[in-house]
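Peer 1: The numbers in numbering that gives the first Met the number 0 rise by one with no breaks, and the one at position 81 of the sequence shown is 80.
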Amino acid sequence: MTRKQKRLAIIGGGVAFLTAAVLLVMFAFSQAVAYFYVPGDLAKTDVAPGTRIRLGGLVEAGSVKRGEGRTITFTVTDTLATVPVTYTGILPDLFREGQGVVAEGAFVGGSPVFVADTVLAKHDETYMPKDVADRLKAQGVTLGGEENIR
């Protein structure tokens, strides 16, 4: 091999390596991304079964029901629409009816029930994540404690 051929081989190998690395990173990020929705958005959007999303809103009063073992069902609302949620696990201590919640999971097999594998509750009575607050405001929901939206 001449010096020119060696140099081309090294450059070609480097380009192939970088291309493979970029594709691997893109694939990893596409698997880790979970889009955020409030119940009113889900009514207007077609989310494919099995697609991981984050569902945010308020836990509807009177909707929390404890099932067999550690399975809990509840309803998330944004006052315009509601989505039934089932979760198996230990809920955060601050999880309550009427409080803000973000559940991460997916709809399974065309069922209208959202199956969550992670549930996050807000940390005090007035805190709400900014993206949840913005979506609720966009749908006309009035929020108190605006100074605590982060």
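C-beta: ideal position from N, C-alpha, C; glycine also. Predicted model, so just to flag it, every value in this text is computed and none were measured.
Using only CA atoms, which one of 2, 78, 113, 20 lies nearest to residue 49?
Peer 2: Closest in alpha carbon position to residue 49, among 2, 78, 113, 20, is 113.
Peer 1: Among the residues of its own chain, which have a CB less than 8 Å from the CB of residue 38, if the five just before and after it don't count?
Peer 2: 54, 56, 75, 76, 77, 79, 80, 81, 82
Peer 1: Using only alpha-carbon positions, find the residue among 16, 117, 139 that is nearest to residue 33.
Peer 2: 117
Peer 1: Just the C-alpha distance for residue 165 and residue 15, rounded to the nearest angstrom, thanks.
Peer 2: This structure does not reach residue 165, given that the chain is present from 0 up to 149, and the question cannot be answered.
Peer 1: For the alpha helix (DSSP H) that contains residue 40, what are its first and last residues?
Peer 2: According to the DSSP assignment, residue 40 belongs to the alpha helix (DSSP H) that extends over 38-43.
Peer 1: Could you check if residue 28 is buried or exposed, using at least 16 other CB atoms within 10 Å of its CB as the buried criterion?
Peer 2: Of the other Cβ atoms in all chains shown, fewer than 16 fall within 10 Å of the Cβ of residue 28; this residue is therefore exposed.
Peer 1: One question on the structure: do residue 60 and residue 97 come within less than 8 Å of each other, judged by their Cβ atoms?
Peer 2: Going by C-beta atoms, residue 60 is nearer than 8 Å to residue 97.
Peer 1: If I follow the unbroken beta strand (DSSP E) through residue 119, where does it start and stop?
Peer 2: 113-120
Peer 1: With DSSP as the reference, please indicate the residues paired to residue 35 in a beta bridge.
Peer 2: 53
Peer 1: Starting from the Cα of residue 129, find the closest Cα among 19, 103, 99 and give me that residue.
Peer 2: 99
Peer 1: With a threshold of 8 Å between beta-carbons, can residue 19 be considered close to chain D, or not?
Peer 2: Structure shown: chain D not included; a single protein chain is present.
Peer 1: Nearest CA to the CA of residue 47: which residue from 108, 8, 0?
Peer 2: 108
Peer 1: Look up residue 83 in the DSSP assignment and give the residues it is bridged to.
Peer 2: 74
Peer 1: My guess is that residue 90 and residue 101 are in contact by the Cβ rule of under 8 Å, so how many angstroms apart are they, rounded?
Peer 2: Their Cβ separation, rounded to whole angstroms, is 13 Å, which puts residue 90 and residue 101 out of contact at 8 Å.
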